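Report on one structure; see the data block that follows.
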Amino acid sequence: MAMSKLVIHATSLSLLVGHVWRGVLIMGPSGSGKSDLALRALEKGCALVSDDYSLLWISGGRLYASAPESIAGRMEVRGLGIVAENARHLTRIDLAVLAQSDPIERMPEHETTTVLGQTIPTIRLNPREASSLSKLLTRLKVP
């Protein structure tokens, strides 16, 4: 049986939490700040998996992400262009972030996103807010 794969407009990162790599998909339209948030996350210990587009698939009942071959190990940094970046080959996805410019609710309801039949815990962030990186890292560390 062939493995079903899907390419989506999302940046994927991975963070080592204890002895486990936990992955996040940052989703949102072009110009929403996905790569900017990812760049700041890299400075705080996250590893790039894929910038702007992520290849997703299911294995062992879990969602995984990697970079399409054409963009692996590269990141578009607005104002600098395409830069080479050390990257992990893949990550298991444990969290989805929906990038938005609208105000974020103070006490949001529990939200999920379904991708390839897998339900992923989801948070909404405005990537341009100074606290967005701290919120992302705090939530990614929650099992």
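Residue numbers (the working numbering): 1271 to 1413.
Every residue gets a Cβ at the ideal spot worked out from N, C-alpha and C, and that includes glycine.
All of these numbers come straight from a predicted model, not from anything done at the bench.
Going by DSSP, K1304 is part of the alpha helix (DSSP H) stretching over 1304 to 1313. Boundaries of the alpha helix (DSSP H) around S1404: 1402 to 1410.
Between V1277 and Y1323, the C-beta spacing is below 9 Å.
Ranking V1412, I1390, L1326, V1367 by CA distance to the CA of A1308 puts V1367 first.
Here S1336 is buried: its Cβ has 16 or more other Cβ atoms, across all protein chains shown, within 10 Å. Note on geometry: alpha-carbon atoms of G1351 and T1361 lie some 25 Å from one another. Closest in C-alpha terms to A1317, from the list S1402, V1290, G1387, M1273, comes V1290. Ranked by Cα distance from E1355, the first of L1312, I1296, P1299, L1403 is L1312. Burial check for T1384: the Cβ neighbour count within 10 Å stays below 16, so the residue is exposed.
Approximately 28 Å separates the beta-carbon atoms of S1305 and M1273; this is outside 8 Å, ruling out the contact. In the three-state DSSP reduction, I1374 falls in the coil class, being neither helix nor strand.
Between the alpha carbons of R1398 and P1413 lies a gap of roughly 26 Å.
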